[in-house]
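Enquirer: Going left to right, the sequence shown walks through residues 1 to 292 as the UniProt record's numbering numbers them.
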Amino acid sequence: MNTLKIRNLTKTYSNGTKALSGVSLDITNGMFGLLGANGAGKSSLMRTIASLQEPSSGSILFNEVDIVQNPQQIRKQLGYLPQEFGVYPKVSAEKLLDHLAVLKGITGKKVRQNQIEALLQQTNLYDHRKKSVYTFSGGMKQRFGIAQALLGNPQLIIVDEPTAGLDPAERNRFLNLLSEIGENVVVILSTHIVEDIRDLCKSMAILSKGQIIEQGNPKDLVKKLQGKIWSKIITKNDLDTYHRTFDVISARLISGETQIRVVSDPHPGFDFEPVEANLEDLYFSSLIHQSI
Ligand SMILES: Nc1ncnc2c1ncn2[C@@H]1O[C@H](COP(=O)(O)OP(=O)(O)OP(=O)(O)O)[C@@H](O)[C@H]1O
1 MNTLKIRNLT
11 KTYSNGTKAL
21 SGVSLDITNG
31 MFGLLGANGA
41 GKSSLMRTIA
51 SLQEPSSGSI
61 LFNEVDIVQN
71 PQQIRKQLGY
81 LPQEFGVYPK
91 VSAEKLLDHL
101 AVLKGITGKK
111 VRQNQIEALL
121 QQTNLYDHRK
131 KSVYTFSGGM
141 KQRFGIAQAL
151 LGNPQLIIVD
161 EPTAGLDPAE
171 RNRFLNLLSE
181 IGENVVVILS
191 THIVEDIRDL
201 CKSMAILSKG
211 QIIEQGNPKD
221 LVKKLQGKIW
231 SKIITKNDLD
241 TYHRTFDVIS
251 ARLISGETQI
261 RVVSDPHPGF
271 DFEPVEANLE
281 DLYFSSLIHQ
291 SI
C-alpha cells in the first residue's frame, strides 16, 4: 500500500499570493478527488506534490520518503498530467512516447516498445499511433496525456483538471480509464466538476482559498447533510430576499421556474420541502460555511 502524507503545507508565491495554507492530507491507493473552484489552489498543490515547485513550508512524504528533500527519487515514481501540456512536436504519438520514456529513464529499447504498445492499447490510441498528437481531438490528447503519465509504472499519479473541455462520452471514457488505473496506485484527480468525484473517488477533499475545508469519503460526507437540505420553487424576483434570509446553496432555472436549495438544521418554514442531499450540496454548503 502506498502512502502520501502531506503536513501543514504552505505556498506563498514571490508576488505575495498565498495559494496554500496549512494543507494536511493522508492519501492511500485508489482514486482521491481534490475538488475546488478556479483559483482555489489545486494546481499549486498538484505542482508541489509533483516536485515542480517547492513549498514555502510543510512536508510531503511519499512512502515515508520526503518529496521536497528528494525530488529525483520521487520523479521516478511519479506520473503527472498537467493542466496545460504545452505545444506538441510534429512527431507521431508512438515516437513522442518513446522520447518521453527515454527521458523517464527507461533505457531498454524492447522494454520501451512493449510498454508503449500496451499503453497505446490501454488508452485506445493504438490505431492512431502513427499520427501526430497535435492533430488529436481534446479527448484523445487527454488519453495520450495519461499514456505518457503511466510510462515507467508510477506509484503516484497526478491529473490536474483532466476532464475540462471534454464532451460527455470522452469524459466517461477518460474517467473509466482512470478508475482502472487507480486500483493499485495513488491517483490524485484535481477537478472543479463535482460529478467527476461522485462516482469515482473513495476519498476526497474540498480545497477553497488554499485551505482544506472538508475531507473524507464522499458518501459519508453527504450523509452528514441528510435532513438539512430543503428546496423550494420561487419567483426570480424574490431570489435576493431568499439569499438574505437563508443559506441558499444553489439556484437553478428549471422549465422557466427558479428552484432554490438551502441548508438549514431546523425546518426553514416558508413551504420548503425536504430533499435528499447530494455532493453538490456538500460542496456549496462547505463554501458558504467557510465564508461565514
Ligand atoms: N506562479 C504563480 N505566481 C503567482 N501567483 C500564482 C502562481 N500560480 C498560481 N498563482 C495564484 O495562486 C492562486 C491559486 O492558483 P492555482 O492555479 O493553484 O489554483 P487552481 O485551483 O488550480 O485554479 P485554476 O483551476 O484556475 O488553475 C491563484 O490566486 C493564482 O492566481
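Each residue gets a CB set at the ideal place from its N, CA and C atoms; glycine is no exception.
On the criterion of 16 or more Cβ atoms from any shown chain inside 10 Å, does Ser-255 qualify as buried, or is it exposed?
Expert: Its Cβ having fewer than 16 others within 10 Å, Ser-255 is exposed.
Enquirer: Alpha carbon to alpha carbon, what distance is there between Ser-57 and Glu-257?
Expert: Spanning the two alpha carbons is a distance of roughly 49 Å.
Enquirer: Taking the DSSP output, what are the residues bridged to Ser-190?
Expert: For Ser-190, which the question treats as bridged, DSSP gives the partners Leu-34 and Asp-160.
Enquirer: Taking Thr-17 as the reference, give the member of Ser-44, Ala-37 and Leu-35 with the closest Cα.
Expert: Among Ser-44, Ala-37 and Leu-35, the Cα nearest to that of Thr-17 belongs to Ser-44.
Enquirer: Just grab the DSSP bridge partners of Tyr-126 for me.
Expert: According to DSSP, Tyr-126 bridges with nothing at all.
Enquirer: Return helix, strand or coil for Met-204, following the three-state DSSP convention.
Expert: Three-state result, Met-204: strand.
Enquirer: Nearest-angstrom Cα distance between Leu-253 and Ile-106?
Expert: Roughly 53 Å separates the two Cα atoms.
Enquirer: Report yes if the C-beta of Glu-161 is less than 7 Å from at least one heavy atom of ligand 1; otherwise report no.
Expert: Flag set: Cβ of Glu-161 near ligand 1.
Enquirer: Would you call the CB atoms of Val-65 and Gln-73 closer than 8 Å?
Expert: Yes, they are a contact pair.
Enquirer: Provide the residue(s) that pair with Gly-79 in DSSP beta bridges, ordered along the chain.
Expert: Beta-bridge pairing links Gly-79 to Ile-157.
Enquirer: I'd like the span of the beta strand (DSSP E) that includes Asn-8, first residue to last.
Expert: Element bounds for Asn-8: 3–12.
Enquirer: Starting from Asp-26, follow the beta strand (DSSP E) in both directions and report where the run begins and ends.
Expert: Where Asp-26 is concerned, the enclosing beta strand (DSSP E) stretches over 18–28.
Enquirer: Between Gly-36 and ligand 1, is there a pair consisting of the residue's CB and a ligand heavy atom that are separated by less than 7 Å?
Expert: Yes, the Cβ of Gly-36 comes within 7 Å of a heavy atom of ligand 1.
Enquirer: Tell me whether Ala-251 sits in a helix, a strand or coil according to DSSP, three-state version.
Expert: The answer is strand: DSSP assigns Ala-251 an E or B state.
Enquirer: Is it the case that the CB of Gly-41 approaches a heavy atom of ligand 1 more closely than 7 Å?
Expert: Yes, the Cβ of Gly-41 comes within 7 Å of a heavy atom of ligand 1.
Enquirer: What's the call for Lys-232, buried or exposed, on a 16-neighbour Cβ count within 10 Å?
Expert: The residue is buried, with at least 16 neighbouring Cβ atoms inside 10 Å.
Enquirer: Tell whether a beta-carbon distance below 8 Å holds between Phe-85 and Val-186.
Expert: For Phe-85 and Val-186, no; Cβs fall outside 8 Å.
Enquirer: Taking DSSP as the reference, what is the three-state secondary structure of Pro-274?
Expert: The answer is strand: DSSP assigns Pro-274 an E or B state.
Enquirer: Whole angstroms is fine: what's the gap from Ala-149's alpha carbon to Thr-12's?
Expert: Between Ala-149 and Thr-12, the C-alpha separation is close to 27 Å.
Enquirer: Going straight from the alpha carbon of Glu-195 to that of Ser-250, what length do you get?
Expert: One C-alpha to the other measures close to 16 Å.
Enquirer: Please list, in chain order, all residues of the same chain as Arg-112 whose beta carbon is under 8 Å from its beta carbon, the five residues on each side excluded.
Expert: Asp-98, Ala-101, Val-102 and Ile-106, listed in sequence order.
Enquirer: Quick check: is any heavy atom of ligand 2 less than 7 Å from the C-beta of Gln-142?
Expert: For ligand 2, the structure offers nothing, since it holds only ligand 1.
Enquirer: My understanding is that Arg-129 touches Ala-93, with C-beta atoms under 8 Å, so please give their C-beta distance in whole angstroms.
Expert: Right, their Cβ atoms sit about 5 Å apart.
Enquirer: Which residues does DSSP pair with Ile-233 in a beta bridge?
Expert: For Ile-233, which the question treats as bridged, DSSP gives the partners Gln-259.
Enquirer: May I ask you to report which of helix, strand or coil DSSP gives Asp-220?
Expert: If DSSP states are grouped into helix, strand and coil, Asp-220 belongs with the helices.
Enquirer: Using the three-state DSSP reduction, which class does Glu-64 fall into: helix, strand or coil?
Expert: Here Glu-64 sits in coil by DSSP.
Enquirer: Taking 8 Å as the cut-off, decide whether the C-beta atoms of Lys-90 and Ser-132 are in contact.
Expert: Result yes, Cβ atoms of Lys-90 and Ser-132 sit closer than 8 Å.
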